[in-house]
Structure formats: C-alpha cells, structure tokens
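In UniProt numbering, the protein residues as written are 1 to 282.
Idealized CB from N, CA, C, for every residue including glycine.
Note that the structure is predicted; figures quoted are calculated from it, not measured.
Everything on this sheet refers to the single structure shown next.
Next up, the structure:
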C-alpha cells in the first residue's frame with residue numbers, strides 16, 4: 001500500500017474527503033457507513049472542515065470514528081474569518097466537540113485570509129499545537145510563493161501539509177508546488193482528485209485512454225486517475241465517496257503502480273500545466 005509521511009506519521013496515499021457530507025440528514029447513516037467502510041479498507045485519513053455543511057461533515061466524521069479513533073488520521077480546516085488570534089482556538093475547540101475527539105491530527109488554514117495577517121493566523125496555529133489541540137498544522141490553497149512565506153513567518157512552526165485542487169484537468173500543482181513540497185518534506189493533499197471524470201463522454205479521447213488502462217488493470221478510470229496523482233510519492237488524494245463500490249475503487253489505487261508508458265499515455269491525453277496555481281484569498 002502506498003503511503004505518504006506527514007511529519008513522521010505514515011498515512012495512506014488515498015484518504016477520504018467529506019465535502020457535502022452532513023448537509024442532508026436523510027443521508028447521515030449512509031455517510032457514516034461509507035466512512036467506516038473506507039476505514040475498514042485502509043483509507044484511514046479523513047479530511048473535513050468546519051465550513052462543510054456548517055459543521056455537519058465534522059459531526060458525521062465524529063460518529064464514524066467513535067470506536068476507531070486510534071486507527072484514523074483526522075484532518076480539519078479553519079475558515080478564513082476565524083483565523084484571528086482571538087478566534088482560531090475557539091473554532092478549533094468547536095470542531096473538536098463536533099468530532100468528539102481531544103485533538104485533530106492535522107489542522108489547516110482553509111484558504112489564505114483577507115481578514116487576518118498570515119503571521120497572526122500562523123501564530124494562532126502554533127498556540128493550538130502547543131496546547132495539544134492539533135498534533136500537526138498546515139495550510140490549504142497556498143501556491144508555492146505563499147507556502148514559502150508561511151514557512152518563514154513563525155519560528156519553530158513546521159508546515160506539515162498544503163491541500164490544493166489537483167486532478168487530471170488541473171495539473172498546476174505539478175509546476176512548482178509538488179517538487180518544492182517534496183524537497184521540504186511537506187505533504188500535498190489533492191482535493192477534487194477525480195473532478196469531471198464521470199462527465200467525460202465515451203467518445204472523448206481522454207476517457208478512452210483512461211478506459212484502456214482501466215481494462216488493462218481491471219479497475220475503473222477513477223482508480224487510474226488516482227494512481228496517477230499519487231505516483232509522485234508525496235501526494236495524498238482525498239476523494240469523497242459514499243457508494244461502497246466507489247470506495248473500493250479508490251482503495252485499489254493504493255496498490256496500483258503505473259508504468260512509464262502508462263504515465264506517458266496519460267500525459268498525452270491530459271497535458272501538464274504550464275502555470276503555477278493561482279493565489280486567491282477569501
């Protein structure tokens with residue numbers, strides 16, 4: 001099983017996302033069961049955030065991990081409006097109540113903030129870590145220049161991860177972020193890793209490449225896409241899935257090693273980006 005190291009902690013290179021979970025009470029049981037199934041399959045990194053369904057996703061996660069806390073690596077994120085020195089700790093404490101745990105394994109600044117200086121937000125993260133509320137800390141949606149800035153602001157604060165959008169139709173993370181992060185031993189978490197794949201027509205040449213490889217390895221096109229993203233060795237893909245068949249397909253990517261010919265075929269179908277990730281503050 002392919003793993004990535006987050007500041008000394010080994011985690012699977014494919015985890016579970018929770019975007020939109022907790023929004024519909026009628027789906028609560030199915031979502032909890034899905035996360036539990038994923039954990040049983042070895043997808044023990046679970047990513048969530050306070051803004052997902054206004055805390056609803058964290059409640060789903062809290063129920064799913066209730067009896068298996070020691071088996072999972074929990075990631076949550078703080079929204080930009082709560083990144084001030086007086087707000088971040090309170091936001092984290094509320095997340096912990098919803099998750100029903102004493103500490104998150106990784107706590108991220110969800111986006112660069114227009115409301116609070118970066119130094120203030122990172123200082124608050126350091127306090128959260130010092131108080132034992134977050135074992136590791138990091139950022140999300142930080143392009144390479146902003147990641148470098150984050151590394152230099154607060155002494156003795158280690159940025160363990162940067163979570164960004166990364167999928168076959170948006171490969172900007174490869175331009176600078178992934179190489180830099182690997183050099184600095186910073187994990188890159190890829191959200192929306194199979195974005196738009198299910199909307200590709202069977203006549204689309206890009207789909208045909210993935211479908212050919214899927215038949216070669218007896219898996220799904222989504223499995224191929226995930227295997228491509230995590231082949232870098234420092235990338236953790238966090239697809240969201242509720243159907244058990246999709247979860248099992250995600251799990252299969254952890255055992256799939258694509259050949260250089262496979263990677264080249266995907267490169268031709270989904271050309272690499274030429275520009276770095278865009279900076280956006282919220």
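- Under the DSSP assignment, residue 73 falls in the beta strand (DSSP E) whose first and last residues are 73-78.
- In this structure the region 197-206 does not touch the region 137-149; the number of beta carbon pairs closer than 8 Å is below three.
- Shown here for residue 137: same chain residues with a beta carbon closer than 6 Å to its own, the five before and five after excluded, namely 107, 125, 129 in chain order.
- Rounded to whole angstroms, residue 145 and residue 134 show a C-alpha spacing of 25 Å.
- A straight line joining the alpha-carbon of residue 24 with that of residue 47 spans about 19 Å.
- The alpha carbon of residue 192 has as its nearest neighbour, out of 163, 205, 183, 178, the alpha carbon of 163.
- From the listed residues 91, 232, 265, the smallest Cα separation to residue 185 is found for 232.
- Under the Cβ criterion (8 Å, minimum of three pairs), the region 64-71 does not count as touching the region 273-281.
- Within the model, the alpha-carbon separation for residue 251 versus residue 20 is close to 21 Å.
- Assigned with DSSP and collapsed to three states, residue 275 falls in coil, not helix or strand.
- Proximity to residue 173 across 215, 121, 235, 156 peaks at 235, based on C-alpha coordinates.
- Buried is the label assigned to residue 166, since at least 16 other Cβ atoms lie within 10 Å of its Cβ.
- Measuring C-alpha to C-alpha distances from residue 248 to each of 257, 81, 32, 37 identifies 37 as the nearest.
- Judged by pairs of C-beta atoms under 8 Å, the region 209-219 does not touch the region 4-13, as fewer than three such pairs exist.
- Counting only runs that start and end inside the region 196-244, the alpha helix (DSSP H) elements of at least 4 residues fall at 205-217, 221-230.
- Per the C-alpha coordinates, the member of 3, 34, 4 positioned closest to residue 240 is 34.
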